[in-house]
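In the numbering used here, the protein residues as written are 498 to 596.
From the three backbone atoms N, C-alpha and C, an ideal C-beta is built for every residue, glycine too.
All values reported here derive from a predicted model rather than from experimental measurement.
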C-alpha cells in the first residue's frame, strides 16, 4: 500500500518535471546556458524515473515467472512423456496377454 502510494507520487513528480521542462522550452526565446543546463537536468531526472519504473516492472515480471516455475511440477523423469492413447494400448495389450 505504502509502496503504491510512493510510486504514484513518484510518477506524478516525473510527469510534473516533464511538463515543467516542456513549458520552459516553449516560453523561452532566448535560452541561456543556465536554462539549458536546467533543462538537461530535468530531462535526466525524468529519464532516471522512467528507467526506475521500467526496472521495477521487469523485476516484478521476473518474480512472477520465478514463482510460477517454483509452483510448476518438476519435469525430471518425465522428459519422454507418453500420450494417453499409447498408455491405454499398453494396458489393453497386457490384459490380452493375461487371458
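Going by the CB atoms, is the gap between residue 536 and residue 511 shorter than 9 Å? no
Counting C-beta neighbours from all protein chains within 10 Å, is the total for residue 554 16 or more, i.e. buried, or is it exposed? exposed
Whether residue 514 touches residue 534 by CB criterion (9 Å): no
Have a look at residue 564 and residue 590 and give me their C-alpha separation to the nearest angstrom. 42 Å
Alpha helix (DSSP H) segment containing residue 569, residue limits: Segment: none, residue 569 is in no alpha helix (DSSP H) and carries neither H nor E.
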